[in-house]
Each structure stands twice: as C-alpha cells, then as structure tokens.
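Sequential numbering from 33 applies to the sequence shown in the numbering used here. By construction, the Cβ of each residue, glycine as well, lies at the ideal position given by its N, Cα and C atoms. Step one of this worksheet: look at the structure below.
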Amino acid sequence: GGESQVDSCEVDYEQLKENGGECRLWPSARVDLSTVEPVFRKHIDSLQWYSCLPQTKSFNIDGRLMTEKVCRCCCFPFTPNPVTYKCEHIKGAPPAPGMELLEKELAVK
Numbered sequence: 033g034g035e036s037q038v039d040s041c042e043v044d045y046e047q048l049k050e051n052g053g054e055c056r057l058w059p060s061a062r063v064d065l066s067t068v069e070p071v072f073r074k075h076i077d078s079l080q081w082y083s084c085l086p087q088t089k090s091f092n093i094d095g096r097l098m099t100e101k102v103c104r105c106c107c108f109p110f111t112p113n114p115v116t117y118k119c120e121h122i123k124g125a126p127p128a129p130g131m132e133l134l135e136k137e138l139a140v141k
C-alpha cells in the first residue's frame, strides 16, 4: 500500500514468478491445500482473489540509475490501472463492502 487506500500493493516480482507466471499471486504452492478434497481444491485454485500487473521502477543510488521489476496487485473486485497503478473497480463486478466510503478516491462512475 501507499498514501491512499486505493494504491495497489507492491509485491516481489521474483517471488510471484515461483507461482508459475509473471505476477501470478494465486494459486500458490506455498499454501497447503492437501487436506482439501480435489474437487474443492480445483475451485479454490481457480478463484480470482487478486489482479496483478508488472511495473519497472527506476531509482537513483549514488548517481547510478537502477531499475527493479515489481508486481502491483489489487484485491477483487479491483484491478490495477496500468498507468497509475491505482486500484480501480472492475466494470460489472459486485461492489466491495465499504466501497462507497472511497468514492472520491476511486472515481466511481
């Protein structure tokens, strides 16, 4: 998170690659679902908990320009804007509880 409730979260790019794809937060082998019946595990694995996008950040360290790749993620029913990396409500998705309290920040239409 950042200064605002609608800032997307920043997640380690390399760590998420371990889940089988670029900025793939879920499903994750780090979560043990072995006690869950296979038919239910399939449904849990297919849940879209998060939406994530890659971002290349640039910063200056002792006069040297450095870049770092990170993932910017938002929880459902939001997705990161690819330009601002702010969480935006997914068109057609149900409203999130308390979403009306963030109307100005979310620019809810």
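Problem - Cβ separation of Q37 and E132, assumed to be a contact under 8 Å, to the nearest whole Å - result: Rounded, the Cβ-Cβ distance is 13 Å, inconsistent with contact.
Exercise for the section: Kindly indicate which three-state DSSP category H91 falls into: helix, strand or coil? Expected result: Before going on, a small fix: residue 91 reads as Phe here, not His. The answer is strand: DSSP assigns F91 an E or B state.
Exercise for the section: Would you tell me roughly how many angstroms separate the C-alpha atoms of V71 and D77, rounded to the nearest one? Expected result: 10 Å
Exercise for the section: Please report how far the alpha carbon of W81 lies from the alpha carbon of E100, in whole angstroms. Expected result: 25 Å
Handout entry: Exposure of F110, with buried meaning 16 or more beta-carbon neighbours within 10 Å
Key = buried
Practice task
Whole angstroms is fine: what's the gap from M142's alpha carbon to N51's?
Solution key: One cannot answer for residue 142 here, as it falls past the ends of the chain, which runs 33 to 141.
Exercise for the section: Under 6 Å Cβ to Cβ from A128, same chain only, skipping five residues before and after it: list those, please. Expected result: P109
Exercise for the section: Under 8 Å by Cβ, that's how I've got L48 and C103 pegged, so tell me the actual separation to the nearest angstrom. Expected result: 5 Å
Handout entry: Per-residue DSSP class, three states only, for F110
Key = strand
Handout entry: Which residues DSSP lists as bridging L170, in chain order
Key = Since the first and last residues shown for the chain are 33 and 141, residue 170 lies out of range.
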